[in-house]
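Colleague: Residue numbers (full-length UniProt numbering): 1 to 576.
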């Protein structure tokens, strides 16, 4: 339901009343997040918190006035709600909602209204409304207050509330009029172009003047000082009274109550968001200009609320990004976190990118909008894989695809997972499909294509026979009939036992092997048998020589012995 909100504040040695219209309360009510029976109370609490934080920032600006022996500040003294929907402040003579506010008529009505309410004492009444404000029914204004009427019945003002946080500056500007400040350039030497709080209009900000909008000029200080001096001389200075309520810090800063995207939405509608591309290299300029998307698709600057995050434990205060232990822990390169709206050109949200479309981060527009989802990873060697794979199909590729340089770049994250074998020339595993079905024999011709599988089948203890026989026709029983090449190369594994015997032949020829050694080793003593046979034949020949008397017989036996010895030598020397 519509309601009227009144907030009582005190200004250093000055107190003033701040109220909002029923339509303003309704706007807050409609924006409420709670959908249960506590929605009205939540709305009231949010409004209290909002205006308390706003007054805190007004206080900071007011304290930049340079006055003799004093500072003016603002303190929230209370919160008043008028739930009368028939309040004459906002209705015309026919009882209908006013379409606009005319300052001359409204301020008179406001003076009478505040007197009839049981409100805390105040020195100035300030009302906020969403209705447009006109001076004398012609000139459109953001706010209005009669000049130098503080401490009088006419110490009232009206502000159009847009929830754009420049309202804080507008409210401070209007209150300063009541205190006696004039526009810069109005009968004083200060230039409007310097854009101090009392500048009469918005001007193009420059590097040198951009921070002035949070401060009063020396001319404003002089004007307010002169008015206070007049009040003292007339003995009517109500600002000498000590405030009954002390100044306290708000529970939350405005920039934390309303994040940067919401601040944009307050000005340009619910589809607006921060143009994060404007801060791609640095968020350093955020505090003097928050770039927001507009309905036309362009970006436009607004002033961010104090307390808007601008870095790790940093937030905006008076146009500067300042360090504060109470500020949130956010990344310096992504203080506003991800954009909540869909990303232009992709129809995706950052949440969707995070869950299943990481490769989209390689698009600059996505990386800018989703700076939290798309954190840059350090480059690894020659492969720079900042944001995972560059294509959605990479997860379906076989590991051998990573041997192609273009695929390695496209599927950098997938290839990084696949290519970890530490096998020289075979970092990404087998280079084709089907290698798991090959035999050891196949590896002699396919070890390059199936480098990973063959590395598991390789016998490193026999480098000349690393994959076993080179034929599937080798039979152990035929090894003694094979020639040397077939024994040592083709059937290298099947006939390996013969290689062992041949390797020991040289020693056997010079000294007889021990029978015990042969038995212990379990090898076939074939060479030993040859040697023993030769010895027996020599013995037989010797015996025959000593008992035979004919020279011809002896010569014949010796000749036969030599032929047999030669045959034995050839047999033992020939590869088996």
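Here a beta-carbon is modelled for each residue, glycine too, at the ideal position from N, C-alpha and C.
This structure is a prediction, so every number in the text was calculated from the model and none was measured.
Go ahead and pull the three-state DSSP assignment for residue 314.
Modeller: strand
Colleague: Nearest to residue 428 by alpha carbon, out of 214, 99, 453 and 146?
Modeller: 453
Colleague: Using DSSP with H/G/I as helix, E/B as strand and the rest coil, what is residue 506?
Modeller: Low confidence applies here, because residue 506 scores a pLDDT of 45, under 50, leaving its location unreliable; read the following figure in that light. Note: residue 506 maps to helix in three-state DSSP.
Colleague: Would you tell me roughly how many angstroms separate the C-alpha atoms of residue 215 and residue 221, rounded to the nearest one?
Modeller: For residue 215 and residue 221, the gap between their C-alpha atoms comes out near 10 Å.
Colleague: Once the 5 residues before and after residue 292 are set aside, which same chain residues still bring their CB inside 8 Å of it?
Modeller: 263, 264, 267, 268, 272, 273, 274, 275, 299, 300, 301 and 302
Colleague: Can you name, in chain order, every residue of its own chain whose Cβ lies under 7 Å from the Cβ of residue 53, other than the five neighbours on each side?
Modeller: 250, 252, 253, 254 and 257
Colleague: Take residue 103 and list the residues in its own chain whose beta-carbon comes closer than 8 Å to its own, dropping the five residues that flank it on each side.
Modeller: 133, 134, 135, 136, 141, 144 and 158
Colleague: Could you pull out every residue in the same chain whose Cβ sits closer than 6 Å to the Cβ of residue 63, ignoring the five residues on either side in sequence?
Modeller: 71 and 73
Colleague: CB-CB under 8 Å to residue 446, same chain, minus the five flanking residues each way: which ones, in chain order?
Modeller: Leaving aside the five residues that flank residue 446 on each side, the residues in its chain whose CB is nearer than 8 Å to its CB run, in chain order, 435, 438 and 454.
Colleague: Tell me the start and end of each unbroken beta strand (DSSP E) in the UniProt domain "Peptidase M12B" (88-243) that is at least 3 residues and wholly inside, in chain order.
Modeller: 100-102, 124-129, 132-135, 139-141 and 156-160
Colleague: Can you round the beta-carbon distance between residue 170 and residue 125 to whole angstroms, since I take them to be within the 8 Å contact cut?
Modeller: Taking 8 Å as the upper bound for CB-CB distance, residue 170 and residue 125 are not in contact here, some 16 Å apart.
Colleague: Per DSSP, which one or two residues make a beta bridge with residue 50?
Modeller: None; residue 50 has no bridge partner.
Colleague: Looking only at its own chain, which residues have a Cβ that is under 6 Å from the Cβ of residue 131, when we skip the five neighbours before and after it?
Modeller: The residues are 100 and 101.
Colleague: Keeping to the same chain, check which residues put their C-beta closer than 6 Å to that of residue 218; ignore five residues upstream and five downstream.
Modeller: If the five residues before and after residue 218 are omitted, its C-beta is found closer than 6 Å to no C-beta atom of its own chain.
Colleague: Going by the CB atoms, is the gap between residue 333 and residue 394 shorter than 8 Å?
Modeller: no
Colleague: Using the beta-carbon count (16 or more within 10 Å), is residue 549 buried or exposed?
Modeller: Per-residue confidence for residue 549 stands at a pLDDT of 40, beneath the threshold of 50, marking its modelled position as unreliable; no derived number is given.
Colleague: Report back the beta-carbon spacing between residue 57 and residue 306 to the nearest angstrom; my notes put them in contact at under 8 Å.
Modeller: 5 Å
Colleague: Rounded to the nearest angstrom, what separates residue 282 and residue 319 at their Cα positions?
Modeller: Taking the CA atoms as reference points, residue 282 sits about 16 Å from residue 319.
Colleague: Can you tell me where the alpha helix (DSSP H) holding residue 354 begins and where it ends?
Modeller: 350-356
Colleague: Got a sec, what are the start and stop residues for the beta strand (DSSP E) residue 300 sits in?
Modeller: Taken as a continuous stretch (DSSP letters only), the beta strand (DSSP E) holding residue 300 covers 299-302.
Colleague: Give every residue of the same chain whose Cβ lies closer than 8 Å to the Cβ of residue 470, excluding the five residues on either side of it in the sequence, and list them in chain order.
Modeller: 441, 444, 489, 490, 491 and 492
Colleague: According to DSSP, is residue 438 helix, strand or coil?
Modeller: Correct three-state label for residue 438: coil.
Colleague: Drop a sphere of 10 angstroms on the beta-carbon of residue 314, count the other beta-carbons inside from all chains shown, and report buried for 16 or more, exposed for fewer.
Modeller: buried
Colleague: Count the other CB atoms within 10 Å of the CB of residue 577; is the residue buried (16 or more) or exposed (fewer)?
Modeller: Residue 577 is absent from the structure shown; the chain starts at 1 and stops at 576.
Colleague: Looking only at C-alpha atoms, which of 424, 240 and 388 sits nearest to residue 415?
Modeller: 388
Colleague: Do residue 413 and residue 385 have their C-beta atoms closer together than 8 Å?
Modeller: yes
Colleague: Please go through the region 448-492 and give each complete alpha helix (DSSP H) segment of 4 or more residues, from N-terminal end onward.
Modeller: 451-457
Colleague: I'd like the span of the alpha helix (DSSP H) that includes residue 365, first residue to last.
Modeller: 364-369
Colleague: Excluding the 5 residues flanking residue 402 on each side, which residues of the same chain have their C-beta closer than 6 Å to its C-beta?
Modeller: 408, 415, 418, 419 and 428
Colleague: With a CB to CB cut of under 6 Å and the five nearest residues on each side skipped, what residues in its chain are close to residue 349?
Modeller: 342
Colleague: Which same chain residues end up closer than 7 Å to residue 579 when comparing Cβ atoms and leaving out the 5 residues on each side of it in sequence?
Modeller: This structure gives no information on residue 579, because the portion of the chain shown stretches from 1 to 576.
Colleague: Tell me the rounded alpha-carbon separation between residue 327 and residue 312.
Modeller: 8 Å
Colleague: Measure the beta-carbon distance from residue 172 to residue 197 and round it to whole angstroms, keeping in mind my assumption that it falls under 8 Å.
Modeller: Yes, residue 172 and residue 197 are in contact; Cβ-Cβ is about 6 Å, under 8 Å.
Colleague: Roughly how many angstroms separate the alpha carbons of residue 540 and residue 473, rounded to a whole number?
Modeller: Model confidence at residue 540 stands at a pLDDT of 43, short of 50, so the residue's coordinates are unreliable and nothing is read from them.
Colleague: Closest by CA to residue 346, which one among 354, 338, 161 and 360?
Modeller: The shortest C-alpha separation from residue 346 is found at 360.
Colleague: Please state if the CB of residue 129 and the CB of residue 154 are separated by a distance shorter than 8 Å.
Modeller: no
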